[in-house]
Amino acid sequence: MIAKDLHKSFGDFKAVNGVSFSINKGEIFGLLGPNGAGKTTTIRMLSTVLAPDSGQIIIGGHSMKSEAEAIRSIIGVCPQDLALYEDLSAIDNMIFFGRMAGLNSQDARTQAMANLKLMGLEERAKGKVAKFSGGMKRRINLAIALMGNPQLLFLDEPTVGIDPQSRNNIYENILGLQKKGMTVLYTTHYMEEADRICQRVAIMDGGKIIAMDTPYQLKSQLGSPDKVTLEDVFLKLTGRSLRD
Amino acid sequence: MKQLERVWLIALKDLKIFMNDRTAAFFFIIFPLMFIVLFNTVMKGIGGEDTRLELHLATQEAAGSLSYHILGAMETTDESLLKPGDPKIVWDKDYDAARQAVENKKLAGFIAFPADFTQALSSGNSTSLEVYADAGNINARAALNGLAGAISSQIGTNEVIIKASVALLIEGGVISPTDSAGINKAVQQMMTGYFSGATNTGASYITFKTDKVGEVVAMNPSNYVVPGYLVMFVFFASAIMAESIVRERKNHTLERLLASSVRREAILGGIFTGAAIRGLIQIVIFWGVGILVFHVDMGLSPAAVIILSILMVIMSAAFSLMLATLARTQRAAGSLAVITSLVLAPLGGCWWPLFLYPQWLQNIAKITPHAWATDGFNKIMVFGADFGAAVPSMIALLAFALLFGLIAVWRFRTSAT
Chain S
32 MIAKDLHKSF GDFKAVNGVS FSINKGEIFG LLGPNGAGKT TTIRMLSTVL
82 APDSGQIIIG GHSMKSEAEA IRSIIGVCPQ DLALYEDLSA IDNMIFFGRM
132 AGLNSQDART QAMANLKLMG LEERAKGKVA KFSGGMKRRI NLAIALMGNP
182 QLLFLDEPTV GIDPQSRNNI YENILGLQKK GMTVLYTTHY MEEADRICQR
232 VAIMDGGKII AMDTPYQLKS QLGSPDKVTL EDVFLKLTGR SLRD
Chain L
2 MKQLERVWLI ALKDLKIFMN DRTAAFFFII FPLMFIVLFN TVMKGIGGED
52 TRLELHLATQ EAAGSLSYHI LGAMETTDES LLKPGDPKIV WDKDYDAARQ
102 AVENKKLAGF IAFPADFTQA LSSGNSTSLE VYADAGNINA RAALNGLAGA
152 ISSQIGTNEV IIKASVALLI EGGVISPTDS AGINKAVQQM MTGYFSGATN
202 TGASYITFKT DKVGEVVAMN PSNYVVPGYL VMFVFFASAI MAESIVRERK
252 NHTLERLLAS SVRREAILGG IFTGAAIRGL IQIVIFWGVG ILVFHVDMGL
302 SPAAVIILSI LMVIMSAAFS LMLATLARTQ RAAGSLAVIT SLVLAPLGGC
352 WWPLFLYPQW LQNIAKITPH AWATDGFNKI MVFGADFGAA VPSMIALLAF
402 ALLFGLIAVW RFRTSAT
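Structure follows, in structure tokens:
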């Protein structure tokens, strides 16, 4: 995936201001930044739901400008919010989004069951999502993004507000997906999370990427990587002032 | 083709959510039916019976006069002999009491023969019948004017014949031209004879010609209660769905759909189709219950009723989409849905038939799709009109649907845009 000089403004506010980066196949790439840094807007542009004002996006060899449809067929998106239908069962949600991703009925059902199993939810397949815990909903949210076997997965803060067990389950699944060759763009506010699973991270602030490297190299810039945390690097680069 | 399949899948998903929600099903189906049962029962007595039209007559002349004979001949003595639609002729013996009754609004009006009626006719002079009616009672006034006109016309015709007959009697030497009393007596006898002749056959003095224009059972309240509440609740049920569309926008499911190869047109189409199918389910249940339980009569053109119902559903679904694109929050969408439904329904004739409203209010009501729909239903189901009479309503509903749909397409946004 290649993003080159992306710009996006909402009125006078420049949400993304010249962002460029690339992700290698099979890599887990972390996009970090304080609130309002431009992470979600960047993901929305990369996932084709928001058109950039300028810049170029190429995913899997397809250009966003001319082949958005081809790009959509190879990406999966797990938004920050629980983008699912709480009045439907888990399996119905999965099948519905699978069909929307272009799967036929049978394949959608097969994949839905496989992904539910991956998330440890196969026994709750027929349960109404509204009755699930926060962690279970997060896992369903991720499982839906896997429908259609995407090559590139956008995960926008997939572990917000859940218990350590569910979070650990999600980490393990992401790492498992990477082993199968999936590429992942991951945004999070949990620095230790990024440090643990991302091969490279980019730190955004004010709509720009202010640092990009492996977690190890970023930490090395502040001192011994064993003693410095990624959070130290983050705070050093983005400052300690509150962001709302 | 793929996008069309997605439209259908989105519609099915919405239907599944709807079916899973028992409360929603209650408010979509059971609640409206409860309203229909309640108002149908309340309105059953109103106009449910075919009250015979009563026309009152009086005279200011004394007994033995020509008007006495005419009234005696016209008065309805045996109501059972009257045919459906024939008016009952009532002779009010006391002229002053009849006037007072009109003043006191106890009587809609009456026709009075003047005090010089016999004298004027016998001497060949003109005279006038008096119509004394409550100005506000248009229908009674019109009927009395009609009857007065009929009596005048009949007397005028008879007068020509009688004059010719008297001339023949004089020419034949039966009556002397100077015998005024003899001539007056002959005129009275002949005039009374003509009026008696009109009633001897049992026929009413005024005859009505009724053309049957449909199998409409007069004044079955269901014929306006069911369509009225159908219009109201189909619209309300659709409008309230705007809230769930806004919820989808807020929880990013629409955005998720866009990221998975679903075009915005397919999303709109799917939501619209789901809303339309829900509306169709409603109208099938409403009409089914209406026909089987309340004996609703679809008049001369059931096809027009069905087309109006479908257009109402389409318009409501388009309104729902438009509302969802205009409202920023779920609460705003819900409030707008309730407010628009509760304002437009009574204004548009859903609670009471539109034809009972004053003309100026009927004109204002035409800004609402409800008024066009109820007007179309009333024309077919209450007034027995044919298909053509409902076409303006159909065109208006289609125009509303297009307007709402275009605004929805223009304003449609996801959380990302």
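Just so you know, the sequences run in chain order S and L. Mind the numbering: the first sequence is residues 32 to 275 in the working numbering, read in order. Mind the numbering: the second sequence is residues 2 to 418 in the working numbering, read in order. No residue lacks a Cβ here, since even glycine has one placed at the ideal position from N, Cα and C.
Using a Cβ-Cβ cut-off of 8 Å (strictly less than) and excluding sequence neighbours within five positions of residue i, which residues of its own chain qualify?
i, result
"residue 149 of chain S", "174, 177, 204 and 207"
"residue 366 of chain L", "348, 349, 350, 355, 358 and 372"
"residue 225 of chain S", "61, 63, 217, 219, 232, 246 and 261"
"residue 395 of chain L", "305, 308, 309, 312 and 377"
"residue 96 of chain L", "59, 60, 61 and 113"
What residue from the options has the CA that sits closest to residue i's CA?
i, options, result
"residue 311 of chain L", "L:334, L:138, L:80 and L:228", "L:228"
"residue 182 of chain S", "S:171, S:128 and S:105", "S:105"
"residue 91 of chain L", "L:101, L:79 and L:7", "L:79"
"residue 9 of chain L", "L:174, L:275, L:132 and L:348", "L:275"
"residue 122 of chain S", "S:108, S:60 and S:171", "S:171"
"residue 232 of chain L", "L:182, L:307, L:259 and L:162", "L:307"
"residue 131 of chain L", "L:116, L:237 and L:137", "L:116"
"residue 27 of chain L", "L:234, L:139, L:163 and L:165", "L:234"
"residue 135 of chain S", "L:391, L:279 and L:6", "L:6"
"residue 233 of chain S", "S:113, S:258, S:158 and S:69", "S:69"
"residue 184 of chain S", "S:163, S:249, S:255 and S:91", "S:91"
"residue 164 of chain S", "S:194, S:137 and S:157", "S:194"
Please classify residue i: does DSSP put it in a helix, a strand, or coil?
i, result
"residue 191 of chain S", "coil"
"residue 335 of chain L", "helix"
"residue 19 of chain S", "The structure shown does not extend to residue 19 of chain S, since chain S is modelled only from 32 through 275, so no value can be given for it."
"residue 175 of chain L", "coil"
"residue 107 of chain S", "strand"
"residue 169 of chain L", "helix"
"residue 236 of chain S", "strand"
"residue 236 of chain L", "helix"
"residue 132 of chain L", "strand"
"residue 349 of chain L", "coil"
"residue 94 of chain S", "strand"
"residue 413 of chain L", "coil"
"residue 330 of chain L", "coil"
"residue 255 of chain S", "coil"
"residue 230 of chain S", "coil"
"residue 244 of chain S", "strand"
"residue 85 of chain S", "strand"
"residue 79 of chain S", "coil"
"residue 119 of chain L", "helix"
"residue 355 of chain L", "helix"
"residue 214 of chain S", "strand"
Among the residues of its own chain, which have a CB less than 7 Å from the CB of residue i, if the five just before and after it don't count?
i, result
"residue 272 of chain L", "11, 15, 246 and 322"
"residue 128 of chain S", "175 and 178"
"residue 152 of chain L", "130"
"residue 110 of chain S", "187"
"residue 239 of chain S", "48, 49 and 50"
Less than 6 Å between C-beta atoms, sequence neighbours within five positions excluded: which residues of the same chain meet that for residue i?
i, result
"residue 403 of chain L", "none"
"residue 319 of chain L", "402, 405 and 406"
"residue 383 of chain L", "224 and 225"
"residue 231 of chain S", "60 and 245"
"residue 196 of chain S", "none"
"residue 171 of chain L", "178"
Listing by chain order, which chain B residues have their CB less than 9 Å from the CB of residue i?
i, result
"residue 188 of chain S", "Within the model displayed, chain B is absent; protein chains S and L are what it includes."
Just to check, is the beta-carbon of residue i closer than 7 Å to a non-hydrogen atom of the ligand MG?
i, result
"residue 5 of chain L", "Here there are no bound small molecules, and the ligand MG is not part of this structure."
### Query
Could you give the uninterrupted runs of the beta strand (DSSP E) lying entirely in the region 111–167 of chain S, keeping only those of 3 residues or more?
none
task = Closer than 7 Å, Cβ to Cβ, to anything on chain S: give me those residues from the region 242–267 of chain L, in chain order.
result = 252, 253, 254, 256, 257, 258, 259, 260, 261, 262 and 263
- Closer than 8 Å, Cβ to any Cβ of chain L: which residues of the region 73–90 of chain S, in chain order? 75, 78, 79, 80 and 81
- Run through the region 71–117 of chain L for me and flag every whole beta strand (DSSP E) of 3 or more residues, listed as ranges in chain order. 89–92 and 110–114
- When you check each C-beta in the region 5–34 of chain L against every C-beta of chain S, which residues fall closer than 7 Å? 7, 10, 14, 17, 18, 21 and 22
query = Along the region 152–170 of chain S, what residues have a CB closer than 8 Å to any CB found in chain L?
reply = 159
Open item on the list: Extract the residue ranges of the beta strand (DSSP E) inside the region 36–76 of chain S, only unbroken runs of 3 or more that lie entirely within it.
Closed with: 44–53 and 59–63
List in chain order: all unbroken alpha helix (DSSP H) runs of 4+ residues lying wholly within the region 360–407 of chain L.
360–366 and 370–382
(Q) Going residue by residue through the region 10–72 of chain L, where are the continuous beta strand (DSSP E) segments of at least 3 residues, counting only ones entirely within it? (A) 55–60
Contact list for the region 113–125 of chain S against chain L, Cβ threshold 8 Å: 113, 114, 115, 116, 118, 119 and 123
| said: I'd like the ranges of any alpha helix (DSSP H) spanning at least 4 consecutive residues and lying wholly in the region 248–326 of chain L. | reply: 254–259 and 265–293
Closer than 8 Å between beta carbons: that is the criterion. Which residues of the region 131–151 of chain S meet it against chain L?
131, 132 and 133
Q. Taking any Cβ of chain L, which residues in the region 47–71 of chain S have a Cβ under 8 Å from it, in chain order?
A. none
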